[in-house]
Amino acid sequence: MEPTDTNLRAWDEAHRSLRRGGGRRGLPKPVRERLPDLEGRHVLHLGSGAGRETAALIGLGALVTGVDGSEETVRAARKRLPDAALVAADIQELPVELRRGRFDVVYSSWGTLALVSDLGHWTAGIAAALRRGGVLLAYDEHPVAACLDQMLHWHESYFDAWPVSRVVEALLGAGLGLERLEELPDPNRWGRREVRVPGDLVVIARKP
Numbered sequence: 101m102e103p104t105d106t107n108l109r110a111w112d113e114a115h116r117s118l119r120r121g122g123g124r125r126g127l128p129k130p131v132r133e134r135l136p137d138l139e140g141r142h143v144l145h146l147g148s149g150a151g152r153e154t155a156a157l158i159g160l161g162a163l164v165t166g167v168d169g170s171e172e173t174v175r176a177a178r179k180r181l182p183d184a185a186l187v188a189a190d191i192q193e194l195p196v197e198l199r200r201g202r203f204d205v206v207y208s209s210w211g212t213l214a215l216v217s218d219l220g221h222w223t224a225g226i227a228a229a230l231r232r233g234g235v236l237l238a239y240d241e242h243p244v245a246a247c248l249d250q251m252l253h254w255h256e257s258y259f260d261a262w263p264v265s266r267v268v269e270a271l272l273g274a275g276l277g278l279e280r281l282e283e284l285p286d287p288n289r290w291g292r293r294e295v296r297v298p299g300d301l302v303v304i305a306r307k308p
C-alpha cells in the first residue's frame with residue numbers, strides 16, 4: 101500500500117491517538133537525535149519488524165509504510181498496528197509500487213544490513229523510493245562490531261562483511277549524495293561501555 105493524497109485524511113484519523121502519545125520513545129537515541137521533522141511526511145521504514153519503531157514514526161506524525169522480509173512478523177505487526185501500511189517483501193527487491201519516488205524519508209532500522217546480500221539492489225531500491233530531495237537515514241550495527249565476539253576477538257574478517265567503504269560506494273552508485281557518516285561506540289553490546297571499537301553506524305544520504 102502506497103500513501104497517496106486520497107488516503108491522507110484516513111491515515112491521519114487512524115493515527116491520531118498515536119500522535120498524541122508522541123513517538124520518539126520507541127526509537128533508538130541516535131535515530132531520535134537525527135530524524136528530520138516528520139509531520140505529514142511519507143516515510144518508508146525498512147526492516148519494520150514487530151512494528152515498535154513504525155508506531156513511533158507514526159507517533160511523530162509521519163505517514164509510514166513498513167517493509168519486512170518475514171510474512172509472519174508482518175502479520176504479528178498488523179495485529180498491533182491494524183491501520184498501518186505494512187508490506188511483506190524483500191528489502192532489496194522492493195515492490196514496484198514503492199519505487200515511484202514518493203517518499204520523503206527512508207529509515208533503515210538496526211539489523212537490516214545483515215539481511216542484505218546485494219548492496220547495489222538495496223541502494224537502488226532506496227533511490228527509486230525517494231522523491232527528489234528525500235533523505236535516507238540508516239542506523240545499523242557497525243560491520244566491525246559484527247565481526248567481534250563478546251571478548252572482542254575477531255570471528256570473521258571485516259572485509260568479508262560490509263566494509264563501510266562498500267556501503268558508501270553503493271549509495272554513491274545509486275545516485276545518492278552522502279551527507280553524514282558516523283561511527284558510534286555502543287554502551288550495551290558487550291555489557292559495558294566499549295569505546296575502543298565502533299558499535300553502531302549512522303548514514304544519512306540525500307537524493308539530489
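Counting the sequence shown from 1 gives a position; our numbering is that position plus 100.
For each residue, glycine too, the CB sits at the ideal point set by N, CA and C.
* DSSP-derived helix/strand/coil call for E193 -> coil
* **Host alpha helix (DSSP H) of T223 (start-end)** => L219 to A229
* **DSSP three-state assignment for D260, whether helix, strand or coil** => helix
* To do: Would you list the residues sitting across from S208 in a DSSP beta bridge?
  => L146 and A238
* **Candidates A228, V302, M251 and Q250, of which the one nearest L276 by Cα** => A228
* **E294 versus E241 - alpha carbon distance** => 14 Å
* Boundaries (first-last residue) of the alpha helix (DSSP H) holding G159 -> R152 to G159
* **Cα-Cα separation, R306 to I226** => 10 Å
* Three-state secondary structure (DSSP) at V297? -> coil
* To do: Starting from A246, follow the alpha helix (DSSP H) in both directions and report where the run begins and ends.
  => P243 to A246
* **Chain-order list of residues whose beta-carbon lies under 6 Å from that of G123 (same chain, five-residue window excluded)** => Confidence in G123 is poor, its pLDDT being 49 and thus under 50, which makes the residue's placement too unreliable to answer from.
* Leaving out the 5 sequence neighbours to the left and right, which residues in its chain are closer than 7 Å to P128 when beta-carbon positions are compared? -> W210 and Y239
* Asked: Looking at C-alpha atoms only, which residue of E193, R134 and N288 is the closest neighbour of Q250?
  -> N288
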